[in-house]
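Quick notes on the structure that follows.
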Amino acid sequence: MTDIGAALIVLLLIFLFLGSGIWVFIGLILVSVTVQFFLLDFSLARIGSIATKIMMRSASSWELAAIPMFIWMGDIIFRTDISQRLFNGLAPLVARIPGRLLHVNIVGCTLFAAVSGSSTATTATVGRISLDELTKRQYDPLLAVGSLAGAGSLGLLIPPSIVMIVYGILAEVSIVSLFAAGVLPGLMVAALYSTYIACRASLDPVISAQLAAQEKLPVRLGDFLNLVPIVLLIVIVLGAIYSGLATPSEAAAIGVLAALLIAVFTGQLTFAVIGESLINAVKMSAMVISLVIAAALLSTTMGYLHLPQSVASLIAGLELSPYALVAILALFYVLLGLFLEGISITVMSLPITLPLIVQAGFDPLWFGVFLILMVELATITPPVGFNLFVLQGLTNMPISRVARASLPFFLLLCLGVILLTAFPNIALWLPSALKGGA
Numbered sequence: 007m008t009d010i011g012a013a014l015i016v017l018l019l020i021f022l023f024l025g026s027g028i029w030v031f032i033g034l035i036l037v038s039v040t041v042q043f044f045l046l047d048f049s050l051a052r053i054g055s056i057a058t059k060i061m062m063r064s065a066s067s068w069e070l071a072a073i074p075m076f077i078w079m080g081d082i083i084f085r086t087d088i089s090q091r092l093f094n095g096l097a098p099l100v101a102r103i104p105g106r107l108l109h110v111n112i113v114g115c116t117l118f119a120a121v122s123g124s125s126t127a128t129t130a131t132v133g134r135i136s137l138d139e140l141t142k143r144q145y146d147p148l149l150a151v152g153s154l155a156g157a158g159s160l161g162l163l164i165p166p167s168i169v170m171i172v173y174g175i176l177a178e179v180s181i182v183s184l185f186a187a188g189v190l191p192g193l194m195v196a197a198l199y200s201t202y203i204a205c206r207a208s209l210d211p212v213i214s215a216q217l218a219a220q221e222k223l224p225v226r227l228g229d230f231l232n233l234v235p236i237v238l239l240i241v242i243v244l245g246a247i248y249s250g251l252a253t254p255s256e257a258a259a260i261g262v263l264a265a266l267l268i269a270v271f272t273g274q275l276t277f278a279v280i281g282e283s284l285i286n287a288v289k290m291s292a293m294v295i296s297l298v299i300a301a302a303l304l305s306t307t308m309g310y311l312h313l314p315q316s317v318a319s320l321i322a323g324l325e326l327s328p329y330a331l332v333a334i335l336a337l338f339y340v341l342l343g344l345f346l347e348g349i350s351i352t353v354m355s356l357p358i359t360l361p362l363i364v365q366a367g368f369d370p371l372w373f374g375v376f377l378i379l380m381v382e383l384a385t386i387t388p389p390v391g392f393n394l395f396v397l398q399g400l401t402n403m404p405i406s407r408v409a410r411a412s413l414p415f416f417l418l419l420c421l422g423v424i425l426l427t428a429f430p431n432i433a434l435w436l437p438s439a440l441k442g443g444a
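Position 35 of the sequence shown, counted from 1, bears residue number 41 in my numbering, the numbering being contiguous throughout.
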């Protein structure tokens, strides 16, 4: 069988199994087993041996320990009043910027993303507070919802990010360097969002003029004190990583301890909070790690078929320019985002796309940030955009209206991808500077 025929069969099996509605990690395992048995003619004993070795090697990776810890840390904060404190602290600081409290969505999500690692958790946590406040003050509902959909996706890009950890493990790239690479692009995207809101508000003051007199409050010391818990947690976690005092996994454990202490000092640590956050962390971690294991098995299967090398050679034969390759991959990821969520997109595509990128001369570190930006697009792309569903639940808006509200921020995120491609140092400068200073 030709390499093209094998590739088509693998793609057909992926669509067949995933389209059947079964869990993604089971679908990927079934694809791997089916290909090994029918295309590679492996015996069941050999397939079992390969699967066992891959499972043990993937599941025992030390870097994976960071995933449940970061998820648990974010869930503890989710179950406290930190998000309400965040709103109260930011509101007076942004009330004089065109767009006023709409910027709380952007700044609040940017800050919360640094302790969450999840776009869904970021959107839900900030949204459950800010949307009520913005509705009371009669802000434009579409701009309020759209800004939250876009800014909520920053949970994937601002470190610590669960998708970054998964990418780092699969691509064998330093997770610390990936975290550093995501900082400036994340701030760039947040700046694009805030600039858009300010321009809209300047052109149409009605967007944020209602009840404006109530928002012109003096900035007081108490406003800054409201921000202390989340800023302290960010400094502890990221400071431990970038100072070299702790690995990402160790910093995640430190972050959990810090989150528990914050809950104690704010009088919100209960057995219910501990139990519910632990259960959710275990469920989410099991899902993510299962996907990592299934992706490793699929990657090994594709290696036996020599598909990554064959596809890379095929595309190399087209003599595409590096930027044409990036454009094709961007379109490919947008299409995947219509049907899959972020971690699934990452683990399924990486065995094929990473060799292409490396062969074209791109830095795998840069590609990690590029890929996460494309995954962010998936979070606000119907019909499977998770942020859209979260916001539908918070607002009871039809999903079509939520998607329409998110469209300007989808386009701004596309602009961010273009800027990152044109100026790769947006992602690469900070990791390089930290290495140089080490």
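By construction, the Cβ of each residue, glycine as well, lies at the ideal position given by its N, Cα and C atoms.
At the level of alpha carbons, what is the spacing between residue i and residue j?
i	j	result
ALA330	ILE175	27 Å
GLU282	PHE84	11 Å
LEU154	GLY11	44 Å
THR116	VAL132	10 Å
ASP210	ALA264	43 Å
ALA411	VAL151	6 Å
ALA97	LEU238	19 Å
ASN393	PRO328	32 Å
THR427	ILE351	20 Å
VAL288	LEU326	44 Å
LEU108	GLN144	11 Å
THR307	TYR248	36 Å
VAL179	ALA120	20 Å
PHE376	LEU162	12 Å
ALA448	LEU320	The requested residue 448 is not part of the displayed model; the chain covers only 7 to 444.
ALA13	VAL39	15 Å
ILE295	VAL100	39 Å
ALA333	VAL279	45 Å
ILE181	PRO361	19 Å
Pop quiz: residue i and residue j are said to be a contact at Cβ under 8 Å. What is the actual Cβ separation, rounded to whole angstroms?
i	j	result
ALA258	MET79	7 Å
SER200	ILE112	5 Å
LEU149	ARG206	7 Å
THR128	GLY158	5 Å
ALA187	ALA439	Contact flag wrong, Cβ pair sits at about 11 Å.
VAL169	ILE378	6 Å
ALA269	ILE260	Not quite, the Cβ-Cβ distance comes to about 15 Å (not below 8 Å), so this is no contact.
PRO74	ILE171	No, PRO74 and ILE171 are not in contact; Cβ-Cβ is about 11 Å, not under 8 Å.
LEU5	PRO165	In the structure as shown, the chain begins at 7 and stops at 444. Residue 5 is therefore absent and cannot be evaluated.
LEU344	THR387	6 Å
Count the other CB atoms within 10 Å of the CB of residue i; is the residue buried (16 or more) or exposed (fewer)?
i	result
LEU217	In this predicted model, LEU217 has a pLDDT of only 47, less than 50, meaning its place in the structure is not dependable; the value taken from the coordinates is given anyway. LEU217 comes out exposed.
PHE81	A quick correction: the sequence has Asp, not Phe, at residue 81. It counts as buried.
TRP372	buried
HIS312	exposed
GLY367	exposed
ASN431	exposed
ASP47	exposed
LEU22	exposed
PHE277	exposed
SER64	buried
LEU436	buried
PHE31	buried
LEU421	exposed
THR272	exposed
PHE185	buried
ASN402	exposed
Which residue's Cα is closest to the Cα of residue i: the options?
i	options	result
LEU17	THR272, ALA204, ILE358	ILE358
LYS59	LEU231, ALA302, ILE168, THR141	ALA302
LEU341	SER180, THR385, MET62, LEU371	THR385
PRO191	PHE429, GLY95, GLY261	PHE429
LEU304	ASP146, VAL353, MET290	VAL353
MET62	ALA300, VAL364, LEU419	ALA300
ALA177	PHE415, GLY374, THR401, MET380	GLY374
LEU137	SER122, GLY114, ILE242	GLY114
ILE349	GLN398, GLY391, LEU324, LEU193	GLY391
Identify the continuous alpha helix (DSSP H) that holds residue i and give its terminal residues.
i	result
GLN398	392–401
THR462	Because the chain is modelled from 7 through 444, residue 462 falls outside the range shown and cannot be assessed.
SER180	Neither: SER180 is in no alpha helix (DSSP H) and is coded neither H nor E.
ALA330	328–343
VAL100	88–100
GLN365	348–365
TRP78	72–84
ARG134	125–142
ARG106	Careful: ARG106 lies outside any alpha helix (DSSP H) and carries neither H nor E.
GLY261	254–271
PRO147	147–158
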